[in-house]
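J.: Using numbering that gives the first Met the number 0, the first residue of the sequence shown is number 0, and each one after it goes up by one.
Glycine included, every Cβ here is placed at the ideal spot set by N, Cα and C.
A quick note: this is a predicted structure, and the numbers were derived from the prediction, not measured.
Here's a structure for you.
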Amino acid sequence: MAFSISSDLANAFADPERYGVVLLTFQLGSEVYGLWNGQGTRVYNTIPYHSGAQLVEVGDIDQRTDGSVTSWELKLSTAPDKGLTVDDVASFYGEDWQMGHVTVQLGMRHPQTDEIIGVVMIFAGFISEAPLLEGLDSQFISLHLLDESARLSETGAGYRNDATQKLLDDTDTSLVAI
0 MAFSISSDLA NAFADPERYG VVLLTFQLGS EVYGLWNGQG TRVYNTIPYH SGAQLVEVGD
60 IDQRTDGSVT SWELKLSTAP DKGLTVDDVA SFYGEDWQMG HVTVQLGMRH PQTDEIIGVV
120 MIFAGFISEA PLLEGLDSQF ISLHLLDESA RLSETGAGYR NDATQKLLDD TDTSLVAI
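Spelled out as structure tokens, the structure:
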């Protein structure tokens, strides 16, 4: 998997004094939820990111030839002592999760203050599917994430013109060129 990041940021990630962080943000209904790969809770950009280090497993990733990600599979585990509780799963499915906005960001922690800094966006998309799958000792919510550009390729997602407007209302002439 290849991401385009600056050499300065790559060097900062390699520096043992600065620990790389991954921030996952989910917009479900009117609520925003944050997970990160560290322990405890960290606030970045007013969003509290809770520990998801053992909760999230990255599955299949599809990329373009330039290395940009078009789709991800993230598994949220309910394994004992690892992840979601039964209440968390019920809460997730109780939210309006379909087409919920998701971002994945990379950053680092400041060596003196431990604050999250130097964050870059590597993926912005939405949840297209979220089946609950059974594992050997656990369950997973398998999130299928699509890149925002997928919305443009959906049927009917093009620009409206006079012909497509007439399909909605054949008396509307607002898009006719004068």
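When the Cα of Leu135 is compared with those of Val55, Ile60, Gly39, Ser76, which residue comes out closest?
T.: Reading the sequence shown from its first residue, position 136 is the one you call residue 135. Among Val55, Ile60, Gly39, Ser76, the Cα nearest to that of Leu135 belongs to Ser76.
J.: Answer with yes or no whether the minimum CB distance from Asp61 to chain C is below 9 Å.
T.: This model lacks chain C altogether, as it is built from one protein chain only.
J.: Looking at the structure shown, is Asp86 part of a helix, part of a strand, or coil, going by DSSP?
T.: For the purposes of this step, residue 86 is identified with residue 87 of the sequence shown, where counting begins at 1. The answer is helix: DSSP assigns Asp86 an H, G or I state.
J.: Decide if Ile46 is buried, meaning its Cβ has at least 16 other Cβ atoms within 10 Å, or exposed.
T.: Numbered from its first residue, the sequence shown carries residue 46 at position 47. Exposed, by the Cβ-count rule.
J.: If you check the beta carbons only, do Lys74 and Ile140 fall under 9 Å apart?
T.: Within the sequence shown, numbered from 1, the residue matching residue 74 stands at position 75. Within the sequence shown, numbered from 1, the residue matching residue 140 stands at position 141. Yes, the Cβ-Cβ distance between Lys74 and Ile140 is below 9 Å.
J.: For Tyr48, count neighbouring Cβ atoms within 10 angstroms of its own Cβ and tell me buried if that reaches 16, exposed if not.
T.: To locate residue 48, count along the sequence shown from 1; it is residue 49. Buried, by the Cβ-count rule.
J.: Distance, Cα to Cα, Gly51 vs Asp171?
T.: Here residue 51 is taken as the residue at index 52 of the sequence shown, counted from 1. Here residue 171 is taken as the residue at index 172 of the sequence shown, counted from 1. One C-alpha to the other measures close to 51 Å.
J.: Rounded to whole angstroms, what is the Cα-Cα separation between His100 and Val20?
T.: Within the sequence shown, numbered from 1, the residue matching residue 100 stands at position 101. Within the sequence shown, numbered from 1, the residue matching residue 20 stands at position 21. Separation of His100 and Val20 (C-alpha to C-alpha, rounded to the nearest whole angstrom) is 20 Å.
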